[in-house]
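S.K.: As you go down the protein sequences, you meet chains A and B in turn. The numbers in our numbering rise by one with no breaks, and the one at position 748 of the first sequence is 748. The numbers in our numbering rise by one with no breaks, and the one at position 30 of the second sequence is 897. C-beta atoms are modelled at their ideal positions from N, C-alpha and C, and glycine is treated no differently. Predicted model, so just to flag it, every value in this text is computed and none were measured. If you scroll down you'll find the structure; I have some questions about it.
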Amino acid sequence: MLRVRNQKTIRRLANRSFSANRTRNIMAVIAVTLTTLLFSALFTTAISVKYSTEQTTMRQVGGYAHCGFKDLTAEQKDTLKTHPLIEKYGTNKVLTSLEEGVFEKNRVEVRYIDEIGADMFFCSPTTGSLPGTERELATDTWVLDQLGVPHKIGEQITVPFVFHGETREETFTLSGFWERDSAAMVSEMWLSEEFVDQMLSEYTPDERMVAMGAGKWNLDICFANSRNIPGNLETIARDNGYEIEDAMAEKYLRTGVNWAYLSTHSNQGEDLLSIAAVVFLTMMIILTGYLIIYNIFQISVSSDIRFYGLLKTIGTTGRQIRAMIRLQALKLCILGLPLGLLAGYLAGNQISAIVMKNMSGQQVYLTLNPWIFAGAALFSLLTVLLSCHKPGRIAGAVSPVESLRYTESVSGKKKSKKDRHGPKVLQMALANLGRNRKKTVLVILSLSLSVVLLYGVSAFSAGFDMDKFVAKFMTADYLVGHKDLFKNRFGSENQELKEEFLASVNSIEGIRESGLIYYNTGNTTASMTKAQYLRFLDPMQMQTLGDEFHALGDEDLTNPPIGIYGLDEMPFQYLKFVDGEVDYEELKKGNVIIQLVHQDDYGNPYLERAPYSVGDEVTFTYADEYEYIGDDMDAELVIHKSHEKTYTIGATAVLPGPLTVRRFGGANFAVAPEILKKEAGEKAVRMSCLVNMEEGMEDQMETFLERYMENADSDLDFESKKGYSDQFQSFRRMFLLIGTAASLVVALVGVLNFINAIVTGIRARRREMAVLQSIGMTGRQLKEMLILEGCAYGISAILLSLILSLLMQSLVLGQLEHILWFFTAKWIWSPILGMLLVFLVLGAVIPAAAYRTVERQSVVERLREVE
Amino acid sequence: MTILETRDLKKYYNSGETTVKALDGVNLKIEAGTFTAIVGTSGSGKSTLLHMLGGLDRPTEGKVLVDKKDIFTFKEEALTIFRRRKIGFVFQSYNLVPVLNVKENILLPIELDGGRPDQAYIQKIITLLGLEEKLQNLPSNLSGGQQQRVAIARALAGKPAIILADEPTGNLDSRTSQDVMSLLKVTSERFRQTIVMITHNEEIAQTADRIIRIEDGRIAKDGE
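Structure, rendered in structure tokens:
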């Protein structure tokens, strides 16, 4: 076929017919805006939450570099950094760390670093700059505070270094500083390269310095993206003739991958779930958008069908008509898209902030990711094009002859009308709904969607079972311990609850009962066969055990480390015996002990992981004098002196999660505190204090604890029943808030669809209604008919929603009980009944209002109107 | 030269058990440059015949040849293009595009085809039909007679092989009807334009060179 230049004409026709359809355009622009809003809010939230989680992890890790090579010589560093895969790199050279005195709890790493490197560590000076001369220094404000130095450039700082156990003080000038990130686990101190080299020439690195890689270079790397970091790392090594897997190899290089990037991949199940959720929501939005935009175009095309027939008659091809409609749709996008994108981005940021706050109490890191806009715009466009495709085909395929006598009527078979008695007006109203069945069905579906969504959200959040939730996390009113306990980092004598604190607590009024939980921080092992060990041995940990272990037979004896709790009588009452029973008096005698097991989220004990049976004799070996040799990760335990003790397992029980050391796995036992102290001595540490208050006095304790933490001991932290129920409520509120907001937007779309259907329906039937009036139907009856039509939409939508909600209840929410342990499915009426009310009101008000505009013209005027 | 020919043209409509024979074997030839009127009562099949001639509707059986080409061998899209090049329509209800002004309406078929209008010729038509003053008006601001003149101008603009006019005076009063008829007559003569017009009005039909009477889907009488 000849390609003709008629685009201009088509465009003109499209533009003119666009301007002629004002009401439709307003409706469609709102629909496109709302659809885009939903898309961009969804994408913003998804991307921001992912980004924020990554950022938070990176801040904990202390860097955003993808990975790095460690312990390099200067030559190695200079060769490796030129590899083409590397997008950006930073280098640093370690001197030592400060771990004494005020820095005992928060280590300070001391090194020379370049600018990009400092940025990768999130430790670029925000005031001042990196050290320029030999005697300059940059560090964070927390370190300055510890050293008693004001936050001012040019201040003199004296730093106490420790080399070979001997303290050497050096004085520097402050060249720059930055705010310490509260999420970071260590602080950094940047020195000049000259100073680092000078120290290294004076002191051969001691053990601690060697462990940190003193005198060696580290090369931190960013690739173009975070996909396949380990693979890229290996490529760089291989291309330069190095090996990174086999630590024994001659040309081995030590490497590290930032687990902020790894963790996002390790949780594949969770990742898959989030992706599935985003895909599902995207489909829902496409459906929502499709239902309305399709309907708007469908209605517009069928009311303009004569116009298209006419165009066809005088020679417009189907293709040209389709192009016309597509052009109009695109024009609507140009108006609706930017508005929707902006509103959606703003809404998405709000939602992300709420989500991040509730998920982990962390802040949201805003991201202006272009993919949000590109994606939302693309999906919105897709929805619009999808929606106007079919109406375009209808208009394009219209037969010129048919269109000239086209009126909306039922297509297909028609049953013969029986003469029914009853209200004629109602009958007419129902018949009218059947005239354009597609339109009616789409409006009803569109309305139902919001109801079902609202039902889902409400039923979901109503199903959150607070008792189940709180019981899992909290047993007593208050649990107090070192703040590291709550970060799952408990394990040393330094974290013990102080005597002064316990004395103060016991002076509080309103305490009903209290007690301590001790934990053995020393090294104790239990004798058992390999088969018994394998019952609770974590597969990951198993890999770290040497060949010696793997060579053992099942019945050969081994000595794995165990955990021992010392329980006061008050915490003892929270033990849940699952096999046998021991009373506290017997426990205090010291011959009988209790074997502890964990339980799953539903409260089922992992009995199969218990190494011993009730009645078994066990021998523990308590190490009295020992030390660790080697660096952190691969340290080897050398025991100088130990003693053994034999007990009988009296019972197996579950110690509720909050009362434990908060690490999963291992073999654990409970004894009375006196028994533990007798065997473990100083290593029996007061881990946590459990308090139950008199009724009505709960707040006393909270006030006391907060004041105590502020004034006396900032290392303390606590958990309370009230705190958990607040957290739970806020979690539930978040769901309800976001879900209701989403339902509202979808409902708005549904109502818009409804308004459009009613208004266009009434307008198209102007003449017909005039005919009805001329043969004796009163305006009142007419209005009644229209209102009945409107209400019929609402009632049908509610009935459909009811069916869909029932289906969802049994198919989705019922199943959720098995997936979410804190969930109990409940049927609730309020969202459905509430929406019914809303729909009935709208069903009455909108037709009545639309009819008023028709009423303004006289019957005769309307009768004369041809079109 | 025969410009339009039908061969045994049939159109049957099935409605339930009964078959309505709207056209039942129509054979006719129309010479180029003539003005033919097809007359018949309501339900005689004349409108169906016109729709077939213009390729707006497909026959049950038989052929329509325009310029010696069997138009129903074309596919839908090609037929539409053939129609806009070869056939101009004038309807009882004018059927102007309400969103385009008079000038744009007249040029529409040519522009849809991607062609460049013959300005001198268009100007001649506009002058002949007395539309110079109204070119910027929208159809809704014109009287019935004026709208029909625009429709005739539109039909002429593309220099079609045939103009098909379906009751062109059906919505007009008798005086305006006379005006429109004489305009059609004049155009036919001035531009050697073939025109086929259907009407139920005997008096109107008298303007034509040839009158074909149609009854019950067949040609009942064919005479000058």
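For chain B, find out if any of its Cβ atoms is closer than 8 Å to the Cβ of A/S409; answer yes or no.
M.R.: The predicted model places A/S409 with a pLDDT of 43, which falls under 50 and marks its position as unreliable, so this point remains unresolved.
S.K.: Select from A/A184, A/G154, A/G666, A/D583 the residue whose C-alpha is nearest the C-alpha of A/T171.
M.R.: Ranking the options by Cα distance to A/T171, first place goes to A/G154.
S.K.: What are the start and end residues of each continuous alpha helix (DSSP H) run of 4 or more residues lying completely inside the stretch 1027-1069 of chain B, in chain order?
M.R.: Counting whole runs of 4 or more residues, the stretch 1027-1069 of chain B contains the alpha helix (DSSP H) stretches 1041-1057.
S.K.: Quick one: does B/P1035 have its CB under 8 Å from some CB of chain A?
M.R.: Closer than 8 Å: no.
S.K.: Would B/P1027 and B/M1064 be called neighbours here (beta carbons separated by less than 8 Å)?
M.R.: Going by C-beta atoms, B/P1027 is not nearer than 8 Å to B/M1064.
S.K.: Mind listing the chain A neighbours of B/T1130? Cutoff is C-beta to C-beta under 8 Å, in chain order.
M.R.: What is shown of chain B runs 868 to 1091, which leaves residue 1130 of chain B out entirely.
S.K.: Taking 8 Å as the threshold (C-beta atoms), are B/T901 and B/T1061 in contact?
M.R.: Cβ distance < 8 Å, so B/T1061 and B/T901 count as in contact.
S.K.: Can you tell me where the alpha helix (DSSP H) with A/G392 in it begins and where it stops?
M.R.: Looking at the DSSP string, the run of the alpha helix (DSSP H) that includes A/G392 is 370-396.
S.K.: Shorter than 8 Å from the beta carbon of A/R16 to some beta carbon of chain B?
M.R.: Closer than 8 Å to some Cβ of chain B, the Cβ of A/R16 qualifies, so yes.
S.K.: For A/Y89, which of helix, strand or coil comes out of DSSP?
M.R.: Strand at A/Y89.
S.K.: List the DSSP bridge partners of A/I517.
M.R.: Answer by DSSP bridge pairing, in chain order: A/L567, A/S688.
S.K.: Touch check for the stretch 118-127 of chain A and the stretch 225-237 of chain A: three-plus C-beta pairs under 8 Å?
M.R.: No contact exists between the stretch 118-127 of chain A and the stretch 225-237 of chain A.
S.K.: Does DSSP put A/Y261 in a helix, in a strand, or in coil?
M.R.: Helix.
S.K.: Leaving out the 5 sequence neighbours to the left and right, which residues in its chain are closer than 6 Å to A/G340 when beta-carbon positions are compared?
M.R.: T33, T36, L37.
S.K.: Taking Cβ to Cβ, would you say B/M1033 is nearer than 8 Å to B/V957?
M.R.: Correcting the residue type first, residue 1033 of chain B is Asp in the shown sequence and not Met. Result yes, Cβ atoms of B/D1033 and B/V957 sit closer than 8 Å.
S.K.: Return helix, strand or coil for A/N228, following the three-state DSSP convention.
M.R.: Residue state, collapsed to three classes: coil.
S.K.: Note down, in chain order, each residue of its chain lying with its Cβ closer than 8 Å to the Cβ of A/E708, except the 5 sequence neighbours on either side.
M.R.: Correcting the residue type first, residue 708 of chain A is Tyr in the shown sequence and not Glu. Same-chain partners within the cutoff: F501, S504, L716.
S.K.: Considering just the uninterrupted stretch of the beta strand (DSSP E) at B/R874, what are its terminal residues?
M.R.: Run containing B/R874: 869-882, per the beta strand (DSSP E) assignment.
S.K.: Give a yes or no on whether the minimum CB-CB distance between A/V401 and chain B is below 8 Å.
M.R.: Taking Cβ atoms only, chain B reaches closer than 8 Å to A/V401, which makes this a yes.
S.K.: Could you tell me the boundaries of the alpha helix (DSSP H) in which A/C791 lies?
M.R.: Its alpha helix (DSSP H) spans residues 779-808.
S.K.: For A/R193, which three-state DSSP category applies?
M.R.: Correcting the residue type first, residue 193 of chain A is Glu in the shown sequence and not Arg. Reduced to three states, the DSSP call for A/E193 is helix.
S.K.: Can you have a look at A/I629 and say buried or exposed, based on whether 16 or more other CB atoms are within 10 angstroms of its CB?
M.R.: That one is exposed.
S.K.: Using CA coordinates, which residue listed in A/R767, A/A184, A/G256, A/D140 is at the minimum distance from A/L191?
M.R.: Among A/R767, A/A184, A/G256, A/D140, the Cα nearest to that of A/L191 is on A/D140.
S.K.: Identify whether A/H66 lies in helix, strand or coil by the three-state DSSP scheme.
M.R.: Of the three classes helix, strand and coil, the one that applies to A/H66 here is coil, per DSSP.
S.K.: In angstroms with no decimal places, state the Cα-to-Cα distance between A/L820 and A/A347.
M.R.: Distance between the alpha carbons of A/L820 and A/A347: 28 Å.
S.K.: Report the three-state DSSP secondary structure of A/F121 (helix, strand or coil).
M.R.: In the structure shown, A/F121 sits in coil (DSSP, three-state: anything other than H, G, I, E or B).
S.K.: Please decide whether A/T44 counts as near chain B, where near means a Cβ-Cβ distance under 8 Å.
M.R.: It does not: the Cβ of A/T44 has no partner Cβ on chain B nearer than 8 Å.
S.K.: Taking A/R732 as the reference, give the member of A/P391, A/K641, A/N92, A/F822 with the closest Cα.
M.R.: Ranking A/P391, A/K641, A/N92, A/F822 by Cα distance to A/R732 puts A/F822 first.
S.K.: For A/D600, does the three-state DSSP call read helix, strand or coil?
M.R.: Coil at A/D600, not helix or strand.
S.K.: Taking the DSSP output, what are the residues bridged to A/N668?
M.R.: Beta-bridge pairing links A/N668 to A/G563, A/L596.
S.K.: My output table needs one value for A/M474: the three-state DSSP class, helix, strand or coil.
M.R.: Coil, per DSSP.
S.K.: Identify the residues that DSSP records as bridge partners of A/A526: which are they?
M.R.: Its beta-bridge partners are A/F620.
S.K.: I think A/I444 touches A/Y51, with their Cβ atoms under 8 Å apart; what is that distance to the nearest whole Å?
M.R.: Their Cβ separation, rounded to whole angstroms, is 40 Å, which puts A/I444 and A/Y51 out of contact at 8 Å.
S.K.: I need the DSSP call for B/R1077, collapsed to helix, strand or coil.
M.R.: Strand at B/R1077.
S.K.: Residues in its own chain within less than 8 Å of A/Y606 by CB, not counting five upstream and five downstream?
M.R.: Contacts found: V597, H598, Q599, D600.
S.K.: List the residues of chain A that B/H1067 touches, going by C-beta distances under 7 Å, in chain order.
M.R.: Correct list: empty, because the minimum Cβ distance to chain A is about 18 Å.
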